[in-house]
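See below for the structure under consideration.
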Amino acid sequence: DGGITQSPKYLFRKEGQNVTLSCEQNLNHDAMYWYRQDPGQGLRLIYYSQIVNDFQKGDIAEGYSVSREKKESFPLTVTSAQKNPTAFYLCASSMAGVLHEQYFGPGTRLTVT
Amino acid sequence: KQEVTQIPAALSVPEGENLVLNCSFTDSAIYNLQWFRQDPGKGLTSLLLIQSSQREQTSGRLNASLDKSSGRSTLYIAASQPGDSATYLCAVDSSGTYKYIFGTGTRLKVLA
């Protein structure tokens with residue numbers, strides 16, 4: 001089955017620790033995205049990548065880092081510099097070009113205490 | 114700066130009703146607009162994508178329209194069912210650079 005997988009579904013960390021969220025897709029999509037969703041707010045773009053070995057900051061990139069070493073994978077690291085890391089994180093992918101649909105993974109809920 | 118608004122924030126309707134969800138955007142120069150469905154605690158499911166040159170798209174009981182000049186899109190759901198209960202989000206790509214701006218969603222509850 002083609003799709004996007006995110007692991008784990010729930011993640012708990014202590015404040016001050018870095019944590020990496022996994023996102024893998026087997027849709028052969030060129031572009032991948034990371035969003036953050038907070039209660040009562042719309043999704044906000046953290047980082048996106050249009051092609052392997054290239055990525056751009058979204059609207060709220062501070063305190064996050066990404067890599068795109070393989071077409072299938074786009075891991076997100078939440079660093080200790082992120083002031084409010086507790087949130088629901090969603091990964092998405094799409095074909096190249098501006099007219100293609102975004103497809104989303106099931107999300108990872110991160111709780112930092 | 115593009116802003117996307119969805120009103121109402123929540124809606125309850127009896128089963129079988131036809132209903133309309135609204136999405137407004139401030140900058141009419143968009144490339145495309147996408148409607149999604151999100152179930153509690155889950156990821157988003159793409160429902161319909163409307164390109165800037167199109168006025169509407171249909172999929173089953175769903176019909177999405179786009180009026181760029183007025184900065185509005187509507188999602189029409191025919192003969193609503195309890196299984197349609199979810200949050201519906203719209204997202205706009207106004208720069209052609211993969212940066213979608215999302216609305217905050219309309220939480221729909223269809224009562225049996």
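As you go down the protein sequences, you meet chains A and B in turn. Read in order, the letters of the first sequence are residues 1 to 113 in this note's numbering. Read in order, the letters of the second sequence are residues 114 to 225 in this note's numbering. We put the beta carbon where it would ideally sit given N, CA and C, even for glycine.
Residue 21 (chain A): member of the beta strand (DSSP E) spanning 19-25, first to last residue.
Taking the beta carbon of residue 101 (chain A) as reference, the chain B residues within 8 angstroms of it are 147, 159, 162, listed in sequence order. The region 198-208 of chain B and the region 128-142 of chain B touch, with three or more beta-carbon pairs separated by less than 8 angstroms. For a cut-off of 8 angstroms, the C-beta gap from residue 111 (chain A) to residue 86 (chain A) is around 5 angstroms, short enough to register as a contact. At a beta-carbon threshold of 8 angstroms, none of the residues of chain A lie near residue 222 (chain B); the nearest stands roughly 17 angstroms away. Taken through DSSP and simplified to helix, strand or coil, residue 121 (chain B) comes out as coil. Here the alpha carbons of residue 107 (chain A) and residue 154 (chain B) stand approximately 8 angstroms from one another. Counting C-beta pairs with one atom in each stretch, the region 185-196 of chain B and the region 115-128 of chain B have three or more that are closer than 8 angstroms, which means they touch. Taking the Cα positions, residue 217 (chain B) is about 19 angstroms away from residue 141 (chain B). Residue 48 (chain A) counts as buried, since at least 16 other C-beta atoms from the protein chains shown sit within 10 angstroms of its C-beta. Nearest CB-CB separation between residue 213 (chain B) and chain A: below the 8 angstroms threshold.
Residue contact check for residue 104 (chain A) against chain B: a CB pair falls below 8 angstroms. In the structure shown, residue 180 (chain B) falls within a strand segment according to DSSP collapsed to helix, strand and coil.
Taken atom to atom, the span from the alpha-carbon of residue 94 (chain A) to that of residue 64 (chain A) is near 21 angstroms. By the Cβ criterion, the region 178-186 of chain B is not in contact with the region 38-55 of chain A, since fewer than three pairs of Cβ atoms, one from each stretch, lie closer than 8 angstroms. Contact of residue 202 (chain B) with chain A by beta-carbon distance below 8 angstroms involves 42, 43.
Counting only Cβ-Cβ distances below 8 angstroms, residue 218 (chain B) has contacts in chain A at 42, in chain order. Taken through DSSP and simplified to helix, strand or coil, residue 75 (chain A) comes out as coil.
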